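Student: Each residue of the sequence shown is one higher than the last, beginning at 702 in the numbering used here.
Every residue gets a Cβ at the ideal spot worked out from N, C-alpha and C, and that includes glycine.
Since we're looking at a predicted model, the values are computed, not measured.
To start, I am sharing the structure in question, which I have written as structure tokens.
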Amino acid sequence: MKGALHGTEAPSTWVQRWSHLVPKRGAVLDVACGHGRHARWFYERNHPLALVDRSQAAIEFIATSLPALPDRTVEAVVADIEEGPWPFPDRQFDAVVVTNYLWRPLLPTLLASVAPGGVLIYETFTQGNETVGKPSRPDFLLWPGELLEVCQGMRVVAFEEGFHESPPRFIQRIAAVREAASTAGLPAPPRYLLP
Numbered sequence: 702m703k704g705a706l707h708g709t710e711a712p713s714t715w716v717q718r719w720s721h722l723v724p725k726r727g728a729v730l731d732v733a734c735g736h737g738r739h740a741r742w743f744y745e746r747n748h749p750l751a752l753v754d755r756s757q758a759a760i761e762f763i764a765t766s767l768p769a770l771p772d773r774t775v776e777a778v779v780a781d782i783e784e785g786p787w788p789f790p791d792r793q794f795d796a797v798v799v800t801n802y803l804w805r806p807l808l809p810t811l812l813a814s815v816a817p818g819g820v821l822i823y824e825t826f827t828q829g830n831e832t833v834g835k836p837s838r839p840d841f842l843l844w845p846g847e848l849l850e851v852c853q854g855m856r857v858v859a860f861e862e863g864f865h866e867s868p869p870r871f872i873q874r875i876a877a878v879r880e881a882a883s884t885a886g887l888p889a890p891p892r893y894l895l896p
């Protein structure tokens, strides 16, 4: 939709596709949340939210656009997660959602923020994107297979890497579960339903 605020468009199809892996009523952390397209998606599915973005305007937009409901909490934090401290130290979430954002020094913190039984749903740009648009700086583009390397030790439920035509972009995405101690190492793995 032309003229819409960035981050108010429809949720990523990848996030929608794998959101069923988030435990019922599980707390969701939306990193670099923008104007809340994924926050709204999870809020409408009765998940408590923790949101972080460096834009005060984006956080204020989310705070005023989500209806106040007694059974759902929204913790919205303005923070520069690249230069400042991590706003959720020693906390874990049932889902950590990241789209269109990459800051490599933060990757270990994001993984540590996934609770046992929780899921990381990540989608961002990869090398090759510099040939079709922005971002084009290598610092903001994943290397081939990088999310697979980052998620070693987690159960990868889905991974894709490639080119999408509309809009033109090179992306990499993963859905990976941190298995709970009660299910890790069992002879038959838990059944993560494929949509």
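How far does the alpha helix (DSSP H) with residue 757 in it reach, from first residue to last?
Tutor: Run containing residue 757: 757-766, per the alpha helix (DSSP H) assignment.
Student: Please go through the same chain and pick out, in chain order, the residues whose beta-carbon is closer than 8 Å to the beta-carbon of residue 870, but skip the five residues on each side of it.
Tutor: Counting only Cβ-Cβ distances below 8 Å, and skipping sequence neighbours, we find 826, 830, 833, 834, 864.
Student: Would you tell me roughly how many angstroms separate the C-alpha atoms of residue 722 and residue 874, rounded to the nearest one?
Tutor: Each residue's alpha carbon lies about 15 Å from the other.
Student: Give the secondary structure of residue 730 by DSSP, where H, G and I count as helix, E and B as strand, and everything else as coil.
Tutor: Three-state result, residue 730: strand.
Student: Check whether the Cβ atoms of residue 795 and residue 724 lie closer than 7 Å to each other.
Tutor: Contact flag set, yes.
Student: Could you round the C-beta distance between residue 897 and residue 719 to whole angstroms and report it? I think they count as a contact, below 8 Å.
Tutor: This structure does not reach residue 897, given that the chain is present from 702 up to 896, and the question cannot be answered.
Student: Checking 7 Å against the spacing of the C-beta atoms, do residue 762 and residue 739 come in under that value?
Tutor: No, Cβ-Cβ distance for residue 762 and residue 739 is not below 7 Å.
Student: Please state whether DSSP places residue 861 in a helix, a strand or coil.
Tutor: Residue state, collapsed to three classes: strand.
Student: Rank 788, 748, 765 by C-alpha distance to the C-alpha of residue 732 and give the top, closest one.
Tutor: Selected option, being the one with the closest Cα: 788.
Student: Tell me where the alpha helix (DSSP H) around residue 717 begins and ends.
Tutor: Unbroken alpha helix (DSSP H) run through residue 717: 714-719.
Student: Taking all protein chains shown into account, decide if residue 667 is buried (16 or more other Cβ within 10 angstroms of its Cβ) or exposed.
Tutor: Residue 667 cannot be examined here, being either before or after the span of the chain that is shown, 702 to 896.
Student: Mark residue 712 as exposed unless 16 or more other C-beta atoms lie within 10 angstroms of its C-beta, in which case mark it buried.
Tutor: Under this definition residue 712 is a buried residue.
Student: Pick helix, strand or coil for residue 799, following the three-state DSSP scheme.
Tutor: Correct three-state label for residue 799: strand.
Student: Quick check on residue 758: buried or exposed, where buried means 16 or more other Cβ atoms within 10 Å of its Cβ?
Tutor: So residue 758 ends up on the exposed side.
Student: Excluding sequence positions up to five away, which residues of its chain have a Cβ less than 6 Å from the Cβ of residue 779?
Tutor: Cβ within range, chain order: 757, 760.
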